[in-house]
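> Keeping their order, the protein sequence lines are chains X and L. First residue of the first sequence? That's 1 in full-length UniProt numbering, and the numbers climb one at a time after it. First residue of the second sequence? That's 1 in full-length UniProt numbering, and the numbers climb one at a time after it. Glycine included, every Cβ here is placed at the ideal spot set by N, Cα and C. From a predicted model like this one, the values you see are computed outputs, not experimental measurements. I have a structure here, written as structure tokens, and I will follow up with some questions on it.
There are 2 protein chains.
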Amino acid sequence: MSNGGGVVSSTTHLLDFLEEPIPGVGTYDDFHTIDWVREKCKDRERHRKINAKKKESAWEFTKSLYDAWSGWLVVTLTGLASGALAGLIDISADWLNDIKEGVCLNAMWFNHEQCCWGSNETTFAERDKCPQWKSWAGLILGQEEGPGSYIMNYFMYIYWALSFALLAVLLVKVFAPYACGSGIPEIKTILSGFIIRGYLGKWTLLIKTVTLVLAVASGLSLGKEGPLVHVACCCGNIFSYLFPKYSKNEAKKREVLSAASAAGVSVAFGAPIGGVLFSLEEVSYYFPLKTLWRSFFAALVAAFVLRSINPFGNSRLVLFYVEYHTPWYLFELIPFILLGVFGGLWGSTRFGKYPVLEVIFVAAITAVVAFPNPYTRQNTSELIKELFTDCGPLESSQLCQYRSQMNGSKAFVDASPNKPAGSGVYTAMWQLCLALVFKIIMTIFTFGLKVPAGLFIPSMAIGAIAGRIVGIAVEQLAYYHHDWLVFREWCEVGTDCITPGLYAMVGAAACLGGVTRMTVSLVVIVFELTGGLEYIVPLMAAVMTSKWVGDAFGREGIYESHIRLNGYPFLDAKSEFTHTTLAREVMRPQRSDPPLAVLTQDDLTVEELQVIINETSYNGFPVIVSKESQRLVGFALRRDITIAIENARRKQEGILLTSRVYFTQHAPTLPADSPRPLKLRSILDMSPFTVTDHTPMEIVVDIFRKLGLRQCLVTHNGRLLGIITKKDILRHMAQLTNQDPDNIMFN
Amino acid sequence: MSNGGGVVSSTTHLLDFLEEPIPGVGTYDDFHTIDWVREKCKDRERHRKINAKKKESAWEFTKSLYDAWSGWLVVTLTGLASGALAGLIDISADWLNDIKEGVCLNAMWFNHEQCCWGSNETTFAERDKCPQWKSWAGLILGQEEGPGSYIMNYFMYIYWALSFALLAVLLVKVFAPYACGSGIPEIKTILSGFIIRGYLGKWTLLIKTVTLVLAVASGLSLGKEGPLVHVACCCGNIFSYLFPKYSKNEAKKREVLSAASAAGVSVAFGAPIGGVLFSLEEVSYYFPLKTLWRSFFAALVAAFVLRSINPFGNSRLVLFYVEYHTPWYLFELIPFILLGVFGGLWGSTRFGKYPVLEVIFVAAITAVVAFPNPYTRQNTSELIKELFTDCGPLESSQLCQYRSQMNGSKAFVDASPNKPAGSGVYTAMWQLCLALVFKIIMTIFTFGLKVPAGLFIPSMAIGAIAGRIVGIAVEQLAYYHHDWLVFREWCEVGTDCITPGLYAMVGAAACLGGVTRMTVSLVVIVFELTGGLEYIVPLMAAVMTSKWVGDAFGREGIYESHIRLNGYPFLDAKSEFTHTTLAREVMRPQRSDPPLAVLTQDDLTVEELQVIINETSYNGFPVIVSKESQRLVGFALRRDITIAIENARRKQEGILLTSRVYFTQHAPTLPADSPRPLKLRSILDMSPFTVTDHTPMEIVVDIFRKLGLRQCLVTHNGRLLGIITKKDILRHMAQLTNQDPDNIMFN
């Protein structure tokens, strides 16, 4: 329960009001952990000051109103910016993706679809062929058909893919190394109270936006959904600088970031509620109900802006809108659960981490292999959409080329009874199987590359492909063996009993669940995505199964393992501490250690204090009454002491190396000739958090997690014994699980 | 961070292993608050014991598996029972409701609809008229039509309504007083760690189920949705007795109750995800992610069972399924926000609290006034469904009797352009206005009655009526003034631009939001209810507005105000503590108080200890090293001391009133002739929670909330100064907000 000494003392000791706050006290170094309790106290103090002043003048009243509304303002701005950026990224990536195949003669800046809008071709199948749109072969060789132009197009496709990938990786490497990956593990760490300067800055935002477009357009097996969360968080961070309430308080800033991550998921999938739940379940650490409402609002605004920009051209919030016409049957839970198992296995795959140059190879292989197969060449989102869609009579996809059994079936628009698969379906099945293998391999290699890369869409694609394959298999099984006991009841000839699209949806959810280990938020995202409210039970069954299977093969999701690999000091709220160790076994000093570095409250000189500071590397020091009694008075941070001494020497006259330092309310009685003493009470945290040496570590861990502590002092019968820091706890936990305790790198 | 002394010492002091645990130590009295930290430690300890034993034999291994899965088992059972009970209640209430109007001649146990299933009448309008179903007039007077039979039916309707209401109130009064109301405020209090024995017992469950059916059937303006949460929690509580993991641990039991309340909302509305969010946002106190998954599962199972029972006969999970065919327009946000304001005003209404006998008057007035108006006579759920439904060509409702403008409009099934209102609509408008006034008045009076009564459905009905009225008004305005600037762009003649059903939905959400002050969970519930995924933005706008308006008129929702009126010790996590008081200003003893009652660790006799216990009424006592040093050793609970002394006197020989009591590890050196000393270390909590006297109360409140403490000791420089209990904090908060601090009644 440490809190800013400056804060508390200024409210309780009138004398200290006269002292100016020392600039720099209460800020943090890079790669350090914030003190949640102190930050929250600082904010309440600021709030009280504004409230006290607001009756003084109209101007102060306006300022207090501005302050009260700044929370809503900053989330609104964040939502607006996230929505706009997401729209921009969607449109640019779409255009750049089409550049790989050809160019619009009328207007370079049109993508394939926009280019052909004015075309006379009205039939659905010919929709994407129009004279204005030239493939590269058409442009360079002057002919659209034939093996020569196929090779030309193939070559240009690889060329562009490689150029985009290389440009992306170079931009990231040179300008903003923090822009690579999805950013979600780092955002989780930052939200838990860690400081990584520049991770959410304007350069990262700019480079991440540009390279994300390039990486997506290059055709690499990656998604833009995860990185959009990072982009939204950058927006949140940048806008929070407009409001002192947020810019000057690390804890409050994290509330904005929680809301921003909700907005990010909201625009990534068009799923505002799923976004809020994602922020709650997956990324946030401290999530008060007020943040729930703000997140909800930010997610809403972002989704609304994206809907207005309308990059998908269907004026729906929903990305993969589907309508199925058949209910699901209890028996189908078996294949759904199998898909869940597949998802769990996919989630326990270990993804690689590869250096920069390999991006060329991965991009080249991706382009070479992807081009010939229509299911790998097309945009992954479109692939998922196609796989989710049920085969109606209007559907012209290869996946829907069944052998028709009845004449005049067009009479019933909704009825599409199960039919034997036609040659198109068989071809599609082979291509899908190849696409599945390709996607799995390429995704594993792609995720380690130093480009902005999300796992959401590739995972969903893998699940959707697997699901569609299983769905078609079950459908054909039911058609040819409708007399089997399992099918007899509900799946007669000529009825529409199995929807392969639903299997694709379930598979996609299962794979996404396996990778991220989300549950509730994932189901909400998927049903917001698809509008498939009726299919909650299959979704839940598959997601639960995939989580259990994934947990059985390794308890951590992709984000947690990434955090561990990077050595961030992240105390996961999800994993329980189940050991019986006590605080005294974890605290420092242990028997073999040198004694605890402590400060006495009134008999150190400035020189002695500096010696203690220089000879140790601790971030803070307990202050005690005297060496004999060992009774605890408070806690002082190293950074604050250094700043305070420097400040005093610069500003206060008569402060020498022999000056006495005191943390008490009144100066100690000194000999007449001694130099002027230095009062450091204002930097003393007079309510440090303490536990007794008998406290079980499970309770200590709980306190650290719930209150967001950095350190905690250990006492025995009122005497100071030692100290436990967050890093000590993480090191102890690593030891208990037989991991290398030196993995934890930062403080 | 107090934890069971028995727990800690048994793991750390081998000597204490020999001592048997004292029966009764670690349990709670009725109307007391549990110690979350101690309960969680107890559970981890139990878990470790089982884990340590599991390798011993196959039987122990089976037991450990059973223990590991018991969490999933208990939520599954709870989900199954909640779903089944909800189905039973739905069906019974439906049947009993129809009994008010008539009886099925073929089979008494059929309701009106089931009775007429076999009928030859196939047209939609005549669907509910069949010879098998006799109204009371038809049965008694032998004629179905005419003023005489109308009066007869009217009389019988009032007769039955009164009988049901009277029976319900008597059953509640005589057998289970805890069965009245919705139960949600008490469940919130129980989940926050309070003990109310019998509130979730089998008698309450039985009587609540029966009287809920009676109360709903009596036609009183109340809903069964809130009480279903109580019913589900009773199921959860009863099933938790099958599993020692949950029956013997109050904290773990509350995890089951959180899941049960999710299941309750899930079956109440057919909204599993909304249920989970409701449990998270509204009722739960301690909600780890594991509980999120379990709640999700319980909600899913319950919804699944209810779907299988299929009481609504539409095989959908969704209660009020609607499909709208028109998007909404930006301008419409103005009426939506107005509906939000209405909802907020409705939410700041104060509901009455009336004694038992008034139920007769309320039921009589309800029946007398409700019968003539079709919108008040019909089942409230059906009313809401009708109000939500868009007017398609197949809709025969009075609300859809517009003057037709075109011939052959049946050609386009979906197109139902705005039309001028016909006489049916005008009649309906008048009846709706009357119904609105009636519902508002009756709901205010009904909610205080001592019967099971929920506010969800009545609030939704009020909102839906208001919304539909506004919707029809806007629609007619747009029809007659389509040249106005606001309509010109998007609402031409012959287009279907305004959907009155959507207004009803928005109004319902706004009123529900005003009453409960839910936000995210409410929007999720409403869109799960209606399947109206596209209309998230209007819903959010209205819900936010209603929350702001409601908060402006009084910060608390209906549950919080109910908790406050009842004086339950509930530390609300939603309201922030913004004052600057310090721990030393809140702790006892203050200057005017008698000194703190403390125990010294090794120089009290049994008699002295008993005197201290008898002369004070505190629930626990700090144990210190000596009166001189005031250094804190631990904390011992009154209940545990009493039990331990009694136990020792019964079982240990030589324990006299003059026996020395000691809390230390080793017995103090005593004169040779002194009686055998009594060791009480096993009941000593050696890791009591402490804060310093300088700690700001905002931090103390935060710690109490987040860790679920009962008390906390206050120290200054390592010496014990005083104690702060949860009740002290609540009393302090009441003082600061100028409320009567003696309102807080329990410990």
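1. Would you tell me roughly how many angstroms separate the C-alpha atoms of Gly408/X and Thr366/X, rounded to the nearest one?
2. Which stretch, first to last residue, makes up the alpha helix (DSSP H) that contains Lys252/L?
3. Does the beta carbon of Gly718/L sit closer than 7 Å to a beta carbon anywhere in chain X?
4. Looking at the structure shown, is Tyr321/L part of a helix, part of a strand, or coil, going by DSSP?
5. Determine the chain L residues that contact His47/X at a beta-carbon separation under 8 Å, and present them in chain order.
6. If you run the structure through DSSP and keep just helix, strand and coil, what is Asn738/L?
7. By how many angstroms is the C-alpha of Cys391/X removed from the C-alpha of Ala411/X?
8. Val691/X versus chain L: which residues are under 9 Å apart at the beta carbon?
9. According to DSSP, what are the bridge partners of Asp685/L?
10. Just checking: is the beta-carbon of Leu322/X within a distance shorter than 7 Å of some beta-carbon in chain L?
11. Leaving out the 5 sequence neighbours to the left and right, which residues in its chain are closer than 6 Å to Ala443/L when beta-carbon positions are compared?
12. When you compare each of Leu678/L, Gly557/L, Thr695/L, Thr642/L to Ser659/L by their alpha carbons, which one comes out closest?
13. By the DSSP assignment, the alpha helix (DSSP H) with Tyr480/L in it spans what residues?
14. Quick one: any contact between the region 535 to 547 of chain L and the region 496 to 513 of chain L, if contact means 3 or more CB pairs under 8 Å?
15. Report yes if the C-beta distance between Ala583/L and Val700/L is below 7 Å; otherwise report no.
16. List, in order along the chain, the chain X residues whose C-beta lies closer than 9 Å to that of Cys41/L?
17. Between Met429/L and chain X, is the shortest Cβ-Cβ distance under 7 Å, so that the two count as touching?
18. Which first and last residues belong to the alpha helix (DSSP H) in which Val691/X is found?
19. DSSP state of Ile729/L, grouped into three classes?
20. If we count Cβ pairs, one from each stretch, closer than 8 Å, do we get three or more for the region 200 to 210 of chain L versus the region 43 to 56 of chain L?
21. Under 7 Å between C-beta atoms, does Phe296/L make it to chain X?
22. How many Å lie between Leu730/L and Leu522/X at the Cα?
23. Output needed in chain order: residues of the region 501 to 530 of chain L with a Cβ under 9 Å from some Cβ in chain X.
24. Taking a Cβ distance cut-off of 7 Å, strictly less, list which residues of the region 451 to 476 of chain L are near chain X, in chain order.
25. Shortest alpha-carbon distance to Leu212/X belongs to which of Ala179/X, Leu571/X, Ser423/X, Asn249/X?
26. Alpha carbon to alpha carbon, how far is Val267/X from Ser82/X?
27. Leaving out the 5 sequence neighbours to the left and right, which residues in its chain are closer than 7 Å to Met406/X when beta-carbon positions are compared?
28. My output table needs one value for Tyr662/X: the three-state DSSP class, helix, strand or coil.
29. Compute the Euclidean distance between the alpha carbons of Glu576/X and Leu77/L, then round it to the nearest angstrom.
30. Quick one: is Asp685/X buried, meaning 16 or more other Cβ sit within 10 Å of its Cβ, or exposed?
31. Would you please state the rounded distance, in angstroms, between the beta carbons of Val524/X and Leu292/X? I believe it to be under 8 Å.
32. Measuring only the C-alpha atoms, how far is Pro500/X from Met540/X?
33. In chain X, what lies closer than 8 Å to Glu255/L by C-beta?
34. Considering only their Cβ atoms, is the gap separating Gly264/L from Val301/L smaller than 7 Å?
35. Per DSSP, what kind of secondary structure is Ile365/L in: helix, strand or coil?
36. Taking CB distances under 7 Å as the criterion, tell me whether Leu65/L reaches chain X.
In short, the structure shows the following:
1. Caution applies to Gly408/X, whose pLDDT of 40 falls short of 50 and renders its modelled position unreliable; the value that the coordinates give is listed next. In a straight line, the C-alpha of Gly408/X is about 44 Å away from that of Thr366/X.
2. That run of the alpha helix (DSSP H) goes 250 to 269.
3. Closer than 7 Å to some Cβ of chain X, the Cβ of Gly718/L qualifies, so yes.
4. coil
5. Thr578
6. coil
7. Confidence is the limiting factor: at Ala411/X the pLDDT is only 37, short of 50, which leaves the residue's position unreliable and the question unanswerable from this model.
8. Those are Met1, Ser687, Phe689, Thr690, listed as they occur along chain L.
9. Paired residues: Phe635/L.
10. According to the sequence provided, residue 322/X is Val. The question's Leu does not apply to it. It does not: the Cβ of Val322/X has no partner Cβ on chain L nearer than 7 Å.
11. For the record, residue 443/L in the displayed sequence is Thr; it is not Ala. Within the same chain, Thr443/L has close Cβ partners Ser221, Pro458.
12. It is Leu678/L whose Cα lies nearest to the Cα of Ser659/L.
13. 456 to 480
14. yes
15. yes
16. Pro696, Glu698, Ile699
17. Not closer than 7 Å to any Cβ of chain X, the Cβ of Met429/L fails to qualify, so no.
18. First-last for Val691/X: 690 to 692, but that is the beta strand (DSSP E), not the alpha helix (DSSP H).
19. helix
20. Touching, no.
21. yes
22. Taking the straight line joining both Cα atoms gives about 39 Å.
23. Thr519, Val520, Val523, Val524, Phe527, Glu528
24. none
25. Ala179/X
26. 7 Å
27. Interpretation of Met406/X is limited by its pLDDT of 47, a score under 50 that renders its predicted location unreliable; no figure is taken from the coordinates.
28. strand
29. 25 Å
30. buried
31. In fact, because the Cβ distance is near 14 Å, the residues do not count as touching under 8 Å.
32. 18 Å
33. Going along chain X, no residue has its Cβ under 8 Å from Glu255/L, so there is no contact; the nearest lies around 13 Å.
34. no
35. helix
36. Not one chain X Cβ lies under 7 Å of Leu65/L.
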